[in-house]
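2 protein chains.
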Amino acid sequence: MQHTISFTHNNKQASVKIPTGALLSDAAHLAGIDIGQPCGGQGRCGRCAVQVMEGTVRRRSTLRLSPEDVEQGYALACQTVVEGDVAIYVPPQEKIERRLTTDRVVAEVTVPEEYEYLQDQTVRRIHLELTPPSMDDQTDDWARLQTAFRLQHRFENVTCSLNLLQKMGKILREGDWNVTAVVDVKNVIESYETDRPIRLLDLQPGMVDEYSPLWGTAIDIGTTTVTLWLVDMVNGQVKAQVAEYNGQIARGEDVISRIIYASKNGGGQDLRQRVLDSINSLLETACKRVNAKAENVVKATISGNSTMMHLLLGIPAENIRLSPFITAVNHPPILTARDIGLNTNPEASVDCLPGVASYVGADITAGVLSSGVNVMDEVTLFLDVGTNGETVLGNRDWLVTCACSAGPAFEGAGVVNGMRATQGAIEEVWINSDTLEPTYRVIGGGKPKGICGSGLIALLSEAFLTGILDKAGNVNLMAGSSRVREGAHGGEYVVAWGVESESGEDIVLSRVDVDNLLRAKAAIYAGFTVLAETVGISLEGVSKVLVGGSFGKYINVEKAVQIGLLPDMDWSRFEFLGNTSVKGAYYALLDWRKREQVTEIAKRMTYIELSADNSFYEAFTSALFLPHTDLSKFPSVVEALTSKVEDQTSE
Amino acid sequence: MQHTISFTHNNKQASVKIPTGALLSDAAHLAGIDIGQPCGGQGRCGRCAVQVMEGTVRRRSTLRLSPEDVEQGYALACQTVVEGDVAIYVPPQEKIERRLTTDRVVAEVTVPEEYEYLQDQTVRRIHLELTPPSMDDQTDDWARLQTAFRLQHRFENVTCSLNLLQKMGKILREGDWNVTAVVDVKNVIESYETDRPIRLLDLQPGMVDEYSPLWGTAIDIGTTTVTLWLVDMVNGQVKAQVAEYNGQIARGEDVISRIIYASKNGGGQDLRQRVLDSINSLLETACKRVNAKAENVVKATISGNSTMMHLLLGIPAENIRLSPFITAVNHPPILTARDIGLNTNPEASVDCLPGVASYVGADITAGVLSSGVNVMDEVTLFLDVGTNGETVLGNRDWLVTCACSAGPAFEGAGVVNGMRATQGAIEEVWINSDTLEPTYRVIGGGKPKGICGSGLIALLSEAFLTGILDKAGNVNLMAGSSRVREGAHGGEYVVAWGVESESGEDIVLSRVDVDNLLRAKAAIYAGFTVLAETVGISLEGVSKVLVGGSFGKYINVEKAVQIGLLPDMDWSRFEFLGNTSVKGAYYALLDWRKREQVTEIAKRMTYIELSADNSFYEAFTSALFLPHTDLSKFPSVVEALTSKVEDQTSE
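These protein sequences, in sequence, are chains A and B.
What the first sequence shows, in the numbering used here, is residues 26 to 676, in sequence order.
What the second sequence shows, in the numbering used here, is residues 26 to 676, in sequence order.
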């Protein structure tokens, strides 16, 4: 039986017909109303609550709703089924702003040292002069082009897609039998055999200047953030760097929520389209910035965790979530932009970098490549601090890895006033221990809009050292400042009053935010400590700690140690590398030997499954404190706390 | 400015809005009315005439319309532009019936002598047992499958499409890690190197019986007729043979008209879709007949002339028509069904056989393969009698070829009562020289519907020998029979009165039909005689004449010689082989060595361009008579005419 569901949203009306038993969230989707589902429709986050104004519905779950909420007609759209005609009010939805990068996210990157165009980079622009056809030489267009490749460049086996065959005749004649071909010669370079297949990527009439840009792109698909670099493959220079939130966030904030959402009817297709939209919008922005055309981008190298890779390729990801946690594919074949839906040249090679396991994906193999762990003499610890916390330990002889779910808190998601590290983000905070008044620095100057990862770490550390938070993360309401108060989500600390802020509303750190941040840092800390224990290495034996993750580059080491995110060791042993995943993709895009190394890394790395390990849970629980239950592990923090107490005492 | 065009057609009304200057044919297309354009919209055939009932139009051309027609409002839809609101009456359109085959078109074919499944046929069904994943073995699905290929079958390099990767996880688990893969192992067989790529074509859960059918299809795309054979590749047997008119006929009866139509806006896409519809409908019929599923067809081998191949692949064909007559591609790459739009398994390999030149396509290379000219010791003449007449002369050492446009008359198109050789076609005719009364044989018995190619040859020959037609093809209205009369298209001979026929209308051979048939036979005769002259061979030196073309198998040699279609030589030297093109595709489908031979044939064959040759035009003109201007070339016909005269004299 069909029912009419009428929606009121943003002062607009929409109604749809849907059968008995359908979910309100499906009805809203059908009506074109985008209701956020950060938990992926599991009824866990409560963000999809809507108000039933008329008619009755059946609530499968009211978790996250108070009895008062239910009395007022609230229902979770993802958990509520239709049993008759109803009128629904949809409250304004949280906006996932697609802020584009400012200078802050631009990573400094140097062209790889060994980079030599026409040696390590395999996409080549080739100029060909063909003999025009005549009654005496009626060779077909494609054979004529192949002959030119053979005679002028010794390429014996050039292959061509149907799409290029369809355009070839016109291009050859437009260029008056003078054309510029773009090919990927990796097969030939690698084997020194000229009869290995070479794929034709593009064909343009006339002679294109050999120094004009030859566009490629390196893309990192993070669970929270998608980063895209536009690269001129002629000289290896990164011409534009852009990033924005992954459009999938509205359907789940972590990979598990996404996988659950993807396994629902049409969910996989929805998520695939959302990340494609994010990538294509970044591509457009990047191209616009340097006056390039997306259709001239002929190669894309993509890294990202295994779930992101599966969702991008439309490959079911559910076995990643279910024991024994199996990916469908760790080494995807080389695909074309047409296959996957990228708005580059449709023939562009799309090289999805290889991963290791369900929770150690291409972002980590690319990170190992760009951080160089795989070529280190001494034992090195590599941490990727993103929505998932992955750890790699090893050197040129061996590599072990593990993963744990950190959540998106350090990327500014799941935190009330969290945001990415862009214009308007509070990136550093100091709190006066007497007055509890803060001083902060805002990216780009100007009024603050929210707090980014580095700002959150600083805030957590300062609040702890000044006694606003206790070691369990409770807000001390008796701290003696109007900035410390009871808020909607429990105790909170006001970093910026509404009069100072961009939105006019107070910017706060709430108890709920603190919990999210504690879980994130505890997971990461537990990950690397358990991994080191498992292989019998003490953290003292680690010569370097390399920290990846786009926010990593800007965090204050002292403060990261003070909250117990990083181990308490000499600061000189830390290096913060920024987004090592996109950097690895960039190297793999430009240099086929580096690309081979990524495969090598993926094959060499031993994956340690923490979920099969009780010691991880114990380590995680012990780390859910500021800085840790075991203070002997954090001597410098004990010292800082003591000196604060002494300061106060001496006053 | 937009105008409203209202159509009345088959007692229905439809109206569309279209701007000033648009063609009536485009308006009709927009309104969903299918107006036939056998000349491809060149204004030459007059078949798209419609009647303007209200409003005014501008006629660019009234060729094919009489002044009376124009006065009554008739206009050629393809040549008439809209200048205001008009009301149009569309007369009933000639139906291109899609008759399906009866026994008559079923060619007898034997499984190739050398055929051995698991030797020459390269598509294999492979059973694989995988070790199920566990926490101790978290290998990804695709690597697990690749390992099974390597360990159980020594295939080192199996490749897989994105589409199969998307389905793989489900299939592996459905089969409980027990699956049947379908792969094409040609690369490995050919080179004896186990690391050459092998493409995964299909994957099914569980173990599929090795003797259950493994479906492939051989397809011949003729300008007039599309033929499809459904083949069980396990034993090489042809399980179903079907044929129907090429759906492109409505847009042009010969390749030139099609190319012109294709070069118009959207024309190429329309033609591509039409031939795909024909193929897919044949595929469905064939599969239904043997209770197979189209999605289980994993390989298609296609032959057809160069224009048909270009149009199928959506490749612009206009340079085939324009001097110096260049195809875009003679050797298309192996494609997939997904690439081109076949309704087989989307991963199915589609192997479009190679052609030689614009007017000697894969139908001829396949014909040479299946007729064996390329392995003959003695000089052999191969004629393909279709819409185009192609000739090959040669033996195992050399092959030359030429082509000429014969038109579709022998396939029953372009002839008022012509039809394909199916149920209801008059296939043989005798005329009593005294009474001029005919006797005829109908395929399948029953009432006649029309006349097929062999019937037309017989009719032409009998009408000539009995004096109904003179040597120039004029109808002798004084012949003294009510069957010889003045018809709508000039003189005509009534083969079957309305009371005998299926439709209730007279079945006739008209003067226009005779002209079409004369042009067809003259082109073919001129083709092979000029070719032989060019290489300095006399027809006497030809040991065998092999005749391909689906109608060829059923023609009466004596009568074909009497009309001057075939050379006058000992009948034992003729062999009629039927559709040699689909037969060649069938051999190439089953046997990779034969497939290599086709490429070999295409490369070896020397193409002689007749259009550059005045002697062709002279030979053609001389052959536009019954049997020929030079009677010395047809001694047996002279004898027959003489004996007829003697018969009459002796009465």
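Note that the Cβ used here is the ideal one computed from N, Cα and C, for glycine as well.
Determine the extent of the beta strand (DSSP E) in which residue i is found, giving its start and end residues.
i: M78/B; result: A74 to E79
i: H335/A; result: No beta strand (DSSP E) holds H335/A; the alpha helix (DSSP H) holding it covers S331 to L338.
i: C103/B; result: No beta strand (DSSP E) holds C103/B; DSSP gives it neither H nor E.
i: R510/B; result: V509 to G512
i: N260/B; result: Premise fails: N260/B is in no beta strand (DSSP E) and is neither H nor E.
Since residue i and residue j should fall inside the 8 Å C-beta cutoff, what is the C-beta to C-beta distance between them, to a whole number of angstroms?
i: L49/A; j: A102/A; result: 4 Å
i: K324/A; j: A265/A; result: K324/A to A265/A, Cβ: 16 Å. No contact.
i: C427/A; j: T412/A; result: Contact flag wrong, Cβ pair sits at about 16 Å.
i: F435/B; j: G392/B; result: With a Cβ gap of about 16 Å, F435/B and G392/B do not count as contacting.
i: T635/B; j: C429/B; result: First, the residue type needs correcting, since residue 635/B is Leu and not Thr in the sequence shown. L635/B to C429/B, Cβ: 6 Å. Contact.
What residue range does the alpha helix (DSSP H) around residue i cover?
i: I196/B; result: L187 to E199
i: I532/B; result: Premise fails: I532/B lies in the beta strand (DSSP E), I532 to S535, not in any alpha helix (DSSP H).
i: V213/B; result: K211 to S216
i: K584/B; result: V582 to Q587
i: C312/B; result: G292 to R314
Would you mind telling me which residues of chain A sit closer than 7 Å to residue i, beta carbon to beta carbon, in chain order?
i: N290/B; result: Near N290/B there are no residues of chain A at all, since even the closest Cβ is about 15 Å away, more than 7 Å.
At the level of alpha carbons, what is the spacing between residue i and residue j?
i: Y114/A; j: E93/A; result: 17 Å
i: V398/B; j: E141/B; result: 23 Å
i: L408/A; j: L590/A; result: 11 Å
i: K584/A; j: P463/A; result: 15 Å
i: I345/A; j: Y384/A; result: 8 Å
i: H152/B; j: K628/A; result: 27 Å
i: G609/A; j: T654/A; result: 36 Å
i: E122/B; j: A268/B; result: For E122/B, the predicted model reports a pLDDT of 43, less than 50, meaning its position is unreliable; a value from the coordinates is still stated below. The straight-line gap from Cα to Cα measures roughly 12 Å.
i: A644/B; j: D638/B; result: 10 Å
i: V404/A; j: N420/A; result: 5 Å
i: Q6/B; j: R466/B; result: No information on residue 6/B is available, as it lies outside the stretch 26 to 676 that chain B covers here.
i: P238/A; j: V259/A; result: 6 Å
Could you tell me which chain B residues have their CB closer than 9 Å to the CB of residue i, listed as they occur along the chain?
i: T559/A; result: What T559/A touches in chain B: nothing, since even the nearest Cβ is about 15 Å away.
Can you tell me whether residue i sits near the ligand HEM, meaning its C-beta is under 7 Å from at least one heavy atom of the ligand?
i: W617/B; result: This structure simply doesn't include the ligand HEM, nor any ligand for that matter.
For a contact defined as C-beta to C-beta under 9 Å, what are the partners of residue i on chain A?
i: K195/B; result: P341
i: L239/B; result: Simply none; closest approach about 25 Å.
Who are the neighbours of residue i on chain B, taking C-beta pairs under 8 Å?
i: S159/A; result: P349
i: Y632/A; result: Q163
i: P230/A; result: The premise fails here: P230/A is roughly 15 Å from chain B at the closest Cβ pair, so nothing lies under 8 Å.
With DSSP collapsed to three states, give me the class of residue i.
i: W596/A; result: helix
i: S657/B; result: helix
i: V130/B; result: Only weak support is given to the placement of V130/B: the predicted model assigns it a pLDDT of 46, under 50, and the value that follows is read from those uncertain coordinates. Helix at V130/B.
i: R150/B; result: strand
i: A545/B; result: helix
i: F601/B; result: strand
i: I121/B; result: Since pLDDT at I121/B reaches only 45, below the 50 mark, its modelled position is unreliable, and no value is offered.
i: Q19/A; result: Chain A is shown only over 26 to 676; residue 19/A falls outside these bounds and no answer can be derived.
i: D234/A; result: coil
i: M26/A; result: coil
i: N499/B; result: coil
Residue i touches chain A at which residues, Cβ-Cβ below 8 Å?
i: L678/B; result: Since the first and last residues shown for chain B are 26 and 676, residue 678/B lies out of range.
i: P371/B; result: Near P371/B there are no residues of chain A at all, since even the closest Cβ is about 13 Å away, more than 8 Å.
i: N541/B; result: By Cβ distance, chain A contributes nothing, its closest Cβ being about 29 Å from N541/B, past 8 Å.
i: P137/B; result: Within chain A, no residue comes near P137/B; the closest Cβ sits about 29 Å away, beyond 8 Å.
i: T184/B; result: P358
i: D227/B; result: What D227/B touches in chain A: nothing, since even the nearest Cβ is about 17 Å away.
Strictly below 7 Å CB to CB, what residues from chain B border residue i?
i: V354/A; result: D165, D166, W167 and L190
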